[in-house]
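Structure record follows, encoded as structure tokens.
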Ligand SMILES: [Zn+2]
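Structure follows, in structure tokens:
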């Protein structure tokens with residue numbers, strides 16, 4: 036098995052362990068893990084589609100029952116409940132590095148998927164199979180009528196984006212990875228630090244954005260918002276797209292049209308880019324006007340030539356207009372989705388921007404706090420819904436306020452402390468989904484918490500949030516501060532906590 040390539044790449048000397056393992060074999064401990072560098076394949080050979088289909092999503096074994104053959108048992112043991120994640124290699128035509136990699140890889144090894152000069156995912160080999168019929172059924176055949184019959188069953192799939200160049204160069208491999216390559220234990224160990232997995236990629240990242248004429252679901256909209264592709268300068272992603280999206284959402288909140296003519300766009304978005312973009316970045320509203328189309332959420336109308344970025348004068352001449360797609364606007368007109376989207380955009384892309392300031396500028400001021408804006412700007416006890424016929428009247432149900440305080444004996448549900456007063460104790464009733472605009476939460480017990488003044492402010496100003504397991508977490512770090520105290524008779528509705536988490540950018 037020791038071809039020249041193998042000697043160069045596989046420095047482990049750790050041969051002799053089982054070559055082609057079978058499904059269910061015990062994983063090697065990480066000390067003996069090799070790397071299998073695996074080109075994902077170009078779009079021409081349907082690489083991205085194959086990856087999405089059989090690795091990211093995985094295949095249903097039940098759909099391939101007829102071709103599993105002798106591997107049926109082992110595969111079912113590996114993937115007893117969920118989808119089977121599989122990837123394959125066509126048979127090597129000669130004794131080259133690829134042949135060595137197919138023969139030398141082992142159960143427990145780590146696979147790194149390569150595409151476009153980057154490593155884009157890693158996975159663990161759970162089993163190795165040679166099954167032509169299964170490969171044909173899952174991936175078909177290539178131009179040479181070959182199929183990907185040397186199959187890896189995969190677990191622990193993680194997607195990320197890390198430059199391949201430093202790793203390939205450290206391993207003295209060509210700049211572009213063209214074929215399956217095995218890297219020995221030592222080589223992997225040396226390069227592990229070069230793999231940056233810190234920026235996990237949301238599933239769907241490599242999918243083409245939804246095309247024209249397709250309908251966008253709520254999930255599609257959020258997937259697209261999580262995966263904005265941004266122009267990056269000196270490793271700093273431009274803020275133009277997220278700023279523009281906030282502006283567009285602000286228009287929806289104000290019930291304005293979603294489509295805007297270029298000149299209006301320029302006059303409104305330009306100053307936002309100037310004030311909230313990176314200090315040294317140029318103010319070029321024509322960029323987001325045009326390039327947001329790649330998000331799949333954005334329409335540009337009135338332009339014939341759809342290839343080059345249009346100049347401002349061309350946009351003016353064409354009277355071009357742009358805005359959120361009809362479906363995206365429909366999703367984002369709903370208050371719950373809107374709160375989540377704003378939280379997501381602010382926390383994912385605009386972490387360094389003063390949130391209160393930018394939201395105020397785009398007409399979304401109420402979203403900087405959980406309570407919302409109050410008609411009378413009242414204090415902590417004066418959160419008032421606007422009701423027809425009333426102006427600045429305190430309309431919250433005082434009986435509910437009293438009952439939640441009594442239920443918890445004025446003890447804060449977060450920290451358990453209670454503020455002592457001369458004759459009694461003091462606590463505050465906090466709405467989870469605020470009563471004020473734009474939240475319009477309900478005034479009911481299932482939407483209320485009993486909090487001390489400090490935690491009320493922290494909750495309201497989105498410094499803390501409550502997760503699905505009732506842990507109180509700090510929004511800046513995600514760390515658990517406390518476990519929320521709950522009275523047996525107090526039903527708190529998760530949907531309101533979810534709304535609050537959305538505002539926190541924590542969904
Ligand atoms: Zn407290």
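Residue numbers (the numbering used here): 36 to 542. Heads up, the beta-carbon is just placed ideally off N, CA and C, and yes, glycines get one too.
Proximity of residue i and residue j at Cβ, strictly below 8 angstroms
i, j, result
"residue 71", "residue 140", "yes"
"residue 314", "residue 380", "no"
"residue 311", "residue 393", "yes"
"residue 121", "residue 173", "yes"
"residue 335", "residue 325", "yes"
"residue 480", "residue 384", "no"
"residue 327", "residue 279", "yes"
"residue 76", "residue 88", "no"
"residue 224", "residue 193", "no"
"residue 284", "residue 369", "no"
"residue 332", "residue 360", "yes"
"residue 214", "residue 129", "no"
"residue 296", "residue 282", "no"
"residue 519", "residue 448", "yes"
"residue 533", "residue 487", "no"
"residue 307", "residue 396", "yes"
"residue 320", "residue 301", "yes"
"residue 478", "residue 542", "no"
"residue 548", "residue 208", "Not covered by the structure: residue 548. The range shown for the chain is 36 to 542."
"residue 531", "residue 450", "no"
Anticipated Cβ contact below 8 angstroms, residue i with residue j, distance rounded
i, j, result
"residue 126", "residue 185", "7 angstroms"
"residue 113", "residue 168", "Not a contact, Cβ separation roughly 18 angstroms."
"residue 258", "residue 358", "Between residue 358 and residue 258 the Cβ distance is about 20 angstroms, and since that is not below 8 angstroms, they are no contact."
"residue 256", "residue 367", "7 angstroms"
"residue 105", "residue 217", "So it is not a contact: roughly 26 angstroms between Cβ atoms."
"residue 482", "residue 446", "19 angstroms between Cβ atoms; not a contact."
"residue 144", "residue 68", "6 angstroms"
"residue 94", "residue 78", "Not a contact, Cβ separation roughly 20 angstroms."
"residue 501", "residue 509", "Actually they are not in contact, since the Cβ atoms of residue 501 and residue 509 sit about 11 angstroms apart, beyond 8 angstroms."
"residue 549", "residue 251", "The structure shown does not extend to residue 549, since the chain is modelled only from 36 to 542, so the question has no answer here."
"residue 348", "residue 540", "With a Cβ gap of about 38 angstroms, residue 348 and residue 540 do not count as contacting."
"residue 183", "residue 138", "With a Cβ gap of about 16 angstroms, residue 183 and residue 138 do not count as contacting."
Same chain, Cβ closer than 6 angstroms to residue i, five either side skipped, listed in chain order
i, result
"residue 202", "226, 229"
"residue 266", "273"
"residue 154", "147, 197, 199"
"residue 164", "106, 186"
"residue 522", "442"
"residue 309", "318"
"residue 432", "478"
"residue 428", "No answer about residue 428 holds up, because its pLDDT of 35 lies below 50 and its placement is not dependable."
"residue 495", "404, 405, 406"
Neighbourhood of residue i by C-beta distance below 7 angstroms, restricted to the same chain and skipping five residues each side
i, result
"residue 440", "462, 464, 485"
"residue 57", "Confidence at residue 57 is low in this model, with a pLDDT of 37, below 50, so the placement of that residue should be treated as unreliable; the coordinate-derived value is given next. So the qualifying residues of the chain are 109, 162."
"residue 205", "225, 226, 229"
"residue 271", "313"
"residue 364", "287, 293"
"residue 253", "366, 372"
"residue 111", "96"
"residue 343", "none"
Proximity test, residue i beta-carbon vs ligand 3 heavy atom, cut-off 7 angstroms
i, result
"residue 461", "As presented, the structure is devoid of ligand 3, carrying ligand 1 as its sole ligands."
Cβ neighbours of residue i in the same chain (closer than 8 angstroms, five flanking residues each side left out)
i, result
"residue 99", "169, 172, 173"
"residue 102", "166, 168, 169, 171, 172"
"residue 505", "518, 519, 521"
Can you list every residue whose CB sits closer than 5 angstroms to some heavy atom of ligand 1, going in chain order? 447, 449, 450, 487, 490
May I ask you to verify whether the segment 398 to 408 touches the segment 466 to 482, counting CB pairs closer than 8 angstroms and requiring at least 3? yes
Are the segment 512 to 523 and the segment 354 to 372 in contact at 8 angstroms, needing three or more beta carbon pairs? no
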